[in-house]
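Take a look at the structure set out below.
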Amino acid sequence: MNRYDDNTIQMLESKAKVVRKHIVEMTHSAKSGHPGGSLSSADILVALYFKIMNHRPYDTQWEDRDRFVLSKGHAAPALYAVLAEAGYFQVDELKSLRQLGSRLQGHPSRSKTPGVEMSTGSLGQGLSVANGMALGARLNRKLSRIFCLCGDGEMQSGQNWEAAMLAAHYKLDNLTAFVDRNQLQIDGPTEQVMSLEPLGEKWMAFGWNVIEINGHDMRQILEACDRAKEVRGKPTMVIAHTIKGKGVSFMEGALQFHGKAPNDDELRVALKELEGAQ
Amino acid sequence: MKWVYTSQRKEYSNALLEIGKTRTNVVVLDADLSSSTRTIDFAKKFPERFFNCGIAEQGMMGTAAGLAVSGKCVFASSFAVFATGRCWDQIRQSIAYPKLNVKIVASHAGITVGGDGASHQATEDIALMRTLPNMTVIVPADGIETYKAVKAAVDWEGPCYLRLGRADVPLITSMDSSFTIGKASIMREGSDVTLVGTGQMVALCINAAETLHEKGLSAEVVNMSTIKPLDQDALLSSVKKTGAVVTAEEHSIINGLGSAVAECLAENLMAPLHRIGIPDVFGESGDSDQLMVKYGLTSGKIVEAAEAVVRRKGE
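Rendered as structure tokens:
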């Protein structure tokens, strides 16, 4: 079935390109931040905020809104870029990332930034919070769907598995989570630091519906969310296979751009590549 | 002094049941200890608003945060050692930093946990919670004060930590006495020495004051039921009068009530101070009364300390 026409896909891909440009620009401006993991998550975030999620940038407290938790909080540049493009705040505020007094903190802050649902940054915590939101939506009799994006290195953190158990136990089928499976963490490839595989099987064993996709294929991201919506009685985990640093050739698969901002030359090359990309 | 004893956990339960009736946004979480913390009573009465999170305190705090941002007033309970220790970072990051409406009500604080021993005896929980910005720390003195504190917490916007004991404790307040978060109560007036207690140690301070009276010393007893924010005005006005202070808590002498009082005095009004509490050691198994004696948490020790600080006056 081809629910999404080519125009929709193209619109989302263009938006993702703009978001990627913002990511490299704002980290460059801040001289710090996490471009690699922000770039690998960009397509998922664009798909969520520009197609999947029901939300109102002009009414952040809208009771019926869907909610998103960025559990891999260091990908804040990607979230901020998406929120700005969606209209939660002005695009030119992005260059204030990490500056003293900025509304755009190094890791998401619920109290400082319009559109940020939960403060994150200490890994492994977001999924539990998403569980609480899912329970809350149910108690409030809302049809809101809750989305959570985790890192793969983050999966090493025990609290995620507490969250996995709780979500399955309470049958939180209004919750769809993603793992940005870019295979890298700070100290090296995940499988060398602390192996995660078989990751999908682990989530299935915990009672989740698991879908594996190419995390840079818009159609696959959208269809995964649609399928998750149809599953009753189980939360869904989408394992999105991605490339860390996706979109910028010298950042793709590069460990050092986990937490290092591009310098002037690197920014120039990055923008040129993103501009020229299809 | 002959005391009537009350159960703080039972009064927590009573307060929750009452609150649950009218405040439909109240949700209660526990981590497999609901039959001990008594949240089980709320669970039976309002099953759709109770969630057992299993032996997973970190998950429980995150879940509490998610419910709080969904408009709920969340009570999360476990034993003090687990509720504050295992999930300290979760409380910090997901509750204190975003200032969410989560009330952590922990029971089994201090050494009166008894036979379970050191692993279960929280002697650092006040310290852990006090050091978090945006966290209000309340230690009710008895059952009735617990009931009032829980009801006050529901109306208090933001993160709260309430510390309860396992054992039944002497009733020193009454339904008529007032309770306000952030306000200490003067249980007994005096002029020679200030005894600042918290939790069940306040009753021991009152006992000590009676003994001191027989020895010719007039002791003022302050029930410091809120450790943070500390009622600095009440403390300083008492110490201005008496010139000497003893603090008493069923908690380490490091970073609990004693430290909070010391900080306030050192910055405002120097006076000889002695902290009664657990002397920077872990607890152990034993009968709770025996443990109180072994670890120096007695009215006799408070009397000795009071006499000592009075002697040090004018140094």
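Chains A and B supply the protein sequences, listed in that same order. Per our numbering, the very first residue in the first sequence carries number 19; after that it's consecutive. Per our numbering, the very first residue in the second sequence carries number 2; after that it's consecutive. Glycine included, every Cβ here is placed at the ideal spot set by N, Cα and C.
Beta carbon of residue i nearer than 9 angstroms to that of residue j
i: residue 335(A); j: residue 224(A); result: Outside the shown range of chain A, which is 19 to 296, sits residue 335(A), and nothing can be said about it.
i: residue 44(A); j: residue 90(A); result: no
i: residue 74(B); j: residue 155(B); result: yes
i: residue 78(B); j: residue 56(B); result: no
i: residue 150(A); j: residue 67(B); result: yes
i: residue 169(A); j: residue 198(A); result: yes
i: residue 16(B); j: residue 152(B); result: yes
i: residue 174(B); j: residue 236(B); result: no
i: residue 231(B); j: residue 262(B); result: yes
i: residue 207(B); j: residue 140(B); result: no
i: residue 75(A); j: residue 104(A); result: yes
i: residue 347(B); j: residue 144(B); result: Past the edges of chain B, shown from 2 to 316, lies residue 347(B), and the structure says nothing about it.
i: residue 304(B); j: residue 213(B); result: yes
i: residue 230(A); j: residue 21(A); result: no
i: residue 13(B); j: residue 258(B); result: no
i: residue 301(B); j: residue 112(B); result: no
i: residue 295(A); j: residue 269(A); result: no
i: residue 205(B); j: residue 5(B); result: no
i: residue 136(A); j: residue 101(A); result: no
i: residue 276(A); j: residue 264(A); result: no
i: residue 187(B); j: residue 211(B); result: no
i: residue 77(A); j: residue 83(A); result: yes
i: residue 214(A); j: residue 173(A); result: yes
i: residue 70(B); j: residue 128(A); result: yes
Residue i: first and last residue of the uninterrupted alpha helix (DSSP H) it sits in
i: residue 247(A); result: 236-248
i: residue 131(B); result: 126-131
i: residue 56(B); result: Taken as a continuous stretch (DSSP letters only), residue 56(B) belongs to no alpha helix (DSSP H), as it is neither H nor E.
i: residue 311(B); result: 300-312
i: residue 181(B); result: Unbroken run through residue 181(B): none, as it is neither H nor E.
i: residue 222(A); result: 217-223
i: residue 92(B); result: Counting along the chain, residue 92(B) falls outside any alpha helix (DSSP H), and DSSP gives it neither H nor E.
i: residue 274(B); result: Looking at the DSSP string, residue 274(B) is not in any alpha helix (DSSP H); the run it does join, the beta strand (DSSP E), is 274-279.
i: residue 27(A); result: 24-48
i: residue 282(A); result: 282-294
i: residue 34(B); result: Neither: residue 34(B) is in no alpha helix (DSSP H) and is coded neither H nor E.
i: residue 293(B); result: 289-295
Span of the beta strand (DSSP E), counted from its first residue to its last, around residue i
i: residue 79(B); result: 74-80
i: residue 276(A); result: Residue 276(A) -> no beta strand (DSSP E), and no H or E assigned at all.
i: residue 107(B); result: 103-108
i: residue 15(B); result: No beta strand (DSSP E) contains residue 15(B), which is instead part of the alpha helix (DSSP H) from 9-23.
i: residue 39(B); result: No beta strand (DSSP E) contains residue 39(B), which DSSP labels as neither H nor E.
i: residue 227(A); result: 227-232
i: residue 186(B); result: 186-189
i: residue 30(B); result: 27-31
i: residue 255(A); result: 254-259
Residue i, buried or exposed, once every other Cβ within 10 Å from all chains shown has been counted against 16
i: residue 146(B); result: buried
i: residue 163(A); result: buried
i: residue 50(B); result: buried
i: residue 217(B); result: exposed
i: residue 180(B); result: buried
i: residue 55(A); result: buried
i: residue 264(B); result: exposed
i: residue 177(B); result: exposed
i: residue 142(A); result: buried
i: residue 199(B); result: buried
i: residue 149(B); result: buried
i: residue 24(A); result: exposed
i: residue 80(A); result: exposed
i: residue 215(B); result: exposed
i: residue 191(A); result: buried
i: residue 119(A); result: exposed
Closer than 9 angstroms to chain D by CB, residue i
i: residue 143(A); result: Judged by its chain identifiers, the structure shown contains no chain D, and its protein chains are A and B.
Meets three-Cβ-pair contact criterion under 8 angstroms: the stretch 279-296 of chain A and the stretch 207-226 of chain A: no
Is the number of C-beta pairs between the stretch 232-247 of chain B and the stretch 262-280 of chain B that are closer than 8 angstroms three or more? yes
Which runs of the beta strand (DSSP E) at least 3 residues long sit entirely within the stretch 188-213 of chain A? Give them in chain order. 193-199
Are the stretch 183-192 of chain A and the stretch 136-149 of chain A touching, with three or more C-beta to C-beta distances below 8 angstroms? yes
For the structure I just gave you, are there three or more beta carbon pairs, one from the stretch 115-131 of chain B and one from the stretch 82-91 of chain B, closer than 8 angstroms? yes
Please give me, in chain order, every unbroken run of the alpha helix (DSSP H) with length at least 4 that falls completely inside the stretch 195-266 of chain B. 202-215 and 233-243
Meets three-Cβ-pair contact criterion under 8 angstroms: the stretch 128-142 of chain B and the stretch 95-113 of chain B: yes
Taking one C-beta from the stretch 245-260 of chain A and one from the stretch 195-209 of chain A each time, how about it: are there three or more such pairs within less than 8 angstroms? yes
Any chance you could list the beta strand (DSSP E) runs of at least 3 consecutive residues sitting entirely within the stretch 118-176 of chain B, in chain order? 137-139 and 161-164
Report the residue ranges of all alpha helix (DSSP H) runs contained in full by the stretch 52-128 of chain A; include only those spanning at least 4 residues, in chain order. 53-65 and 94-104
Taking 8 angstroms as the threshold, find out whether the stretch 110-129 of chain A comes into contact with the stretch 35-49 of chain B through three or more Cβ pairs. no
Can you check the stretch 151-195 of chain A for any beta strand (DSSP E) of at least 3 residues that lies completely inside it and give the ranges in chain order? 164-169
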